[in-house]
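Numbering-wise (my numbering), the sequence shown opens with residue 22 and increments by one.
In what follows, a structure is listed as structure tokens, so that the remarks can point back to it.
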Amino acid sequence: MGGGPAGGNGGGIQTNSLFWSVVMSAFAAFGGILFGYDTGTISGIIAMEDWLKTFGTFDPTLGQYLPTSDKSLAVSILSAGTFFGALLAYPMGDRLGRKWGIIGGCIVFFLGIGLQLDTNWATFIVGRVIAGFGVGVISCLVPMYQSECAPKNIRGLIVGLYQLAITIGALLAAIVLNSTKDRQNHNAWRIPVAVQFAWGSILSIGMLMLPESPRYLLLKGREEEARAALGRLMTAPADSPQVEEECLIISDALKIEQENASGSYLECFKNNPSRFALRTWTGIWIQAWQQLTGINFIFYYGTTFFQQAGISNPFIITIICDVVNTCMTLVGLPFIDRIGRRRLLLIGAAGMSISEFIVAIVGVTAGHIQPDGSVNLAAQRVLIAFVCIYIAFFALSWGPIVWVVTSEVFPLSIRGEGMSLSIASNWLWNFGIGYATPYLVNPTTYGINGEKAANLGVKVFFIWGGTCVGCLLFTYFFIPETRGLSLEQIDRLYRESSIVGSVQYRGKLLAEDSTDTFETRKSHEVMHVEPKLPESPITNTTDALNAP
Numbered sequence: 022m023g024g025g026p027a028g029g030n031g032g033g034i035q036t037n038s039l040f041w042s043v044v045m046s047a048f049a050a051f052g053g054i055l056f057g058y059d060t061g062t063i064s065g066i067i068a069m070e071d072w073l074k075t076f077g078t079f080d081p082t083l084g085q086y087l088p089t090s091d092k093s094l095a096v097s098i099l100s101a102g103t104f105f106g107a108l109l110a111y112p113m114g115d116r117l118g119r120k121w122g123i124i125g126g127c128i129v130f131f132l133g134i135g136l137q138l139d140t141n142w143a144t145f146i147v148g149r150v151i152a153g154f155g156v157g158v159i160s161c162l163v164p165m166y167q168s169e170c171a172p173k174n175i176r177g178l179i180v181g182l183y184q185l186a187i188t189i190g191a192l193l194a195a196i197v198l199n200s201t202k203d204r205q206n207h208n209a210w211r212i213p214v215a216v217q218f219a220w221g222s223i224l225s226i227g228m229l230m231l232p233e234s235p236r237y238l239l240l241k242g243r244e245e246e247a248r249a250a251l252g253r254l255m256t257a258p259a260d261s262p263q264v265e266e267e268c269l270i271i272s273d274a275l276k277i278e279q280e281n282a283s284g285s286y287l288e289c290f291k292n293n294p295s296r297f298a299l300r301t302w303t304g305i306w307i308q309a310w311q312q313l314t315g316i317n318f319i320f321y322y323g324t325t326f327f328q329q330a331g332i333s334n335p336f337i338i339t340i341i342c343d344v345v346n347t348c349m350t351l352v353g354l355p356f357i358d359r360i361g362r363r364r365l366l367l368i369g370a371a372g373m374s375i376s377e378f379i380v381a382i383v384g385v386t387a388g389h390i391q392p393d394g395s396v397n398l399a400a401q402r403v404l405i406a407f408v409c410i411y412i413a414f415f416a417l418s419w420g421p422i423v424w425v426v427t428s429e430v431f432p433l434s435i436r437g438e439g440m441s442l443s444i445a446s447n448w449l450w451n452f453g454i455g456y457a458t459p460y461l462v463n464p465t466t467y468g469i470n471g472e473k474a475a476n477l478g479v480k481v482f483f484i485w486g487g488t489c490v491g492c493l494l495f496t497y498f499f500i501p502e503t504r505g506l507s508l509e510q511i512d513r514l515y516r517e518s519s520i521v522g523s524v525q526y527r528g529k530l531l532a533e534d535s536t537d538t539f540e541t542r543k544s545h546e547v548m549h550v551e552p553k554l555p556e557s558p559i560t561n562t563t564d565a566l567n568a569p
């Protein structure tokens, strides 16, 4: 997915025990593993001999093969399902709750996995869509649940573990595929698919042991249940002063947020003092820019790319890329709460852009295969090195932090709608890029498997390098610094500060947080939620904050 303030009184769930932090971290892992494992699995099983015999086509000259269009469909169709799953995550999470919404997503996921065990092509594809729907629900509700329950000083670490879990899932898939790839029956691909039942079961069973989000319970007016959930998360009695304080802070902040909120998707695009529209477009586009970094080009089609570039042992290089991604994600997680979201995103975008331009320049000048079949080994080593450096910058920044930012920027009153729109954007771009990439990179083919393509090859890195420049500009103008702030303080930052000035304003909020006493803050917050007077109506949140 620390070094923010060690506690503070500005809201957020505080606890003196690491137990719930560890539990939520493990839970987050299995939320991400569902997607990471599936991504790694499908890229391997479509190359298995028995799978090709079952779903592919035979031609006397080409042998057993899968048409390019079918291959793109099999790989990317899961993301189409996740798009709709993420959109519907809000009504599920709003009606069932974060906890039971995630469990419901697991049940849908199980249905999709079961259908993928069938030997009919249409059933297999439908199973991919349904499993994707479940993953989409889970991918939205997991970081939402974490951000609402995690201690604020390590919230970035916990939410960022979702991205680490995706990388671990891909590695687990590679291990399982390697152990079954030589089987000469359906078990070669059915076993890797069926293993996903284990990941979903662990996630759903783990959720049964966790409390519901206290913020969700307060949103629904279930105060007693919220106190009980807060007590479990804070390892304190439900009627203790600490729980009372947290409950009051969250409730008062919620009242302010709800003054102008209607709870609809249209509300997300409202230009009000709380800047709902800016926050919604920030979530939508940061998820889109993550996909536009080009990272899935490496993890979906990296082996083919290295092969076409004349690199020996392309499968080994792909495994190295997976290891770099996992290790650097793990290394980078503590820095999310030490260096900050905004700064790491800027550093990551700059590093990725430079690395990708170097890969593109080396590839088109010295790294391509010569007419006599020879290759420039030094150039290829530079190419491999900077691909790994590019992945390292992604893993340190745009991999985990995107999930953290998306889980933080929305106020509770539109958090469900905003996160579902944002994560749906991720899956929509994931599907589009995953489906289109072979047509960008591959040469045009002829005959029965003929497909027109752009044949960009390594030149596609010029595109990814340019989009990473876009990532840098987007971060500078649209991503505030939220390190160490409670979700309620983040809402205040959006109301009272500019994005570029957010670093300085964050310091002001933390300074106020360290000096306020509970009693002065309590009276201050109650003052901010006084009822509106008929003769002088308060029409927006800014007026509410300035009301006498």
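Backbone N, C-alpha and C fix where the C-beta goes; we use that ideal spot for every residue, glycine too.
Selected residue, minimal CA-CA separation from residue i, among the options
i	options	result
Ala-95	Ile-146, Pro-459, Trp-220	Ile-146
Gly-478	Pro-459, Gly-102, Arg-359, Tyr-237	Pro-459
Gly-114	Trp-450, Gly-437, Ser-160	Gly-437
Ile-357	Val-408, Trp-419, Val-380	Trp-419
Val-150	Asn-141, Thr-427, Ile-134, Asn-334	Ile-134
Val-380	Pro-294, Phe-483, Glu-517	Phe-483
Ala-107	Gln-510, Asp-512, Asn-451	Asn-451
Ala-104	Phe-76, Phe-56, Leu-73	Contrary to the premise, residue 104 reads as Phe rather than Ala in this sequence. When only C-alpha atoms are compared, the closest one is Phe-56.
Pro-232	Ala-250, Pro-81, Gly-242	Ala-250
Leu-132	Leu-442, Val-214, Leu-275	Val-214
Pro-172	Arg-253, Val-423, Cys-342, Ile-223	Arg-253
Val-197	Cys-289, Ile-179, Met-165, Gly-65	Gly-65
Ala-400	Phe-414, Val-385, Ala-413	Val-385
Glu-70	Asn-208, Leu-162, Pro-235, Ile-226	Asn-208
Ala-19	Tyr-497, Asn-463, Ile-319, Leu-442	Given that the chain is displayed from residue 22 to residue 569, the structure contains no residue 19 and the question cannot be resolved.
Thr-339	Thr-140, Ile-123, Thr-188	Thr-188
Gln-137	Tyr-183, Ile-67, Val-408, Pro-164	Ile-67
Val-425	Phe-378, Thr-465, Arg-363	Arg-363
Ala-247	Arg-204, Cys-170, Trp-210	Cys-170
Separation of residue j from residue i, as counted between CA atoms
i	j	result
Ala-195	Ala-219	16 Å
Phe-326	Tyr-411	15 Å
Thr-89	Asn-476	14 Å
Ser-544	Gly-486	Its pLDDT being 44, under 50, Ser-544 is placed unreliably by the model, and the measurement read from it follows with that caveat. So the alpha carbons of these two residues sit roughly 52 Å apart.
Leu-10	Leu-417	The chain is shown only over 22 to 569; residue 10 falls outside these bounds and no answer can be derived.
Gly-369	Ala-259	43 Å
Gly-181	Phe-79	45 Å
Ala-101	Met-349	29 Å
Arg-243	Ala-110	21 Å
Leu-162	Arg-119	6 Å
Asn-297	Val-396	First, the residue type needs correcting, since residue 297 is Phe and not Asn in the sequence shown. Answer to the nearest angstrom: the Cα atoms are 54 Å apart.
Asn-206	Leu-354	41 Å
Lys-480	Leu-87	26 Å
Val-423	Ile-307	6 Å
Gly-439	Gly-453	21 Å
Glu-377	Asp-91	29 Å
Ala-191	Pro-294	42 Å
Arg-516	Arg-211	52 Å
Helix, strand or coil at residue i [DSSP, three-state]
i	result
Thr-256	coil
Phe-431	coil
Glu-233	coil
Glu-502	coil
Ser-295	coil
Ser-544	Note on Ser-544: pLDDT 44, under 50, position unreliable in the model; no value is reported.
Ala-195	helix
Ile-67	coil
Thr-201	helix
Arg-126	Correcting the residue identity first, residue 126 is Gly in this sequence and not Arg. Three-state DSSP puts Gly-126 in a helix.
Val-524	helix
Arg-359	coil
Thr-458	helix
Asn-561	Per-residue confidence for Asn-561 stands at a pLDDT of 40, beneath the threshold of 50, marking its modelled position as unreliable; the derived number appears in the next sentence. Coil at Asn-561, not helix or strand.
Trp-419	coil
Ser-519	coil
Ile-337	helix
Thr-314	coil
Val-385	helix
Ala-101	helix
Bridge partners - residue i, DSSP secondary structure assignment
i	result
Glu-246	None, per the DSSP bridge assignment.
Thr-78	Tyr-86
Within-8 Å CB hit, residue i to chain D
i	result
Gln-263	Going by chain labels, chain D is absent from the structure shown, which holds only one protein chain.
Check your understanding: How about the segment 494–506 and the segment 251–271: do they share at least three Cβ pairs that are nearer than 8 Å?
Key -> no
Review point. Counting Cβ pairs closer than 8 Å, one from the segment 299–314 and one from the segment 430–450, do we hit at least three?
Key: Short answer: they touch.
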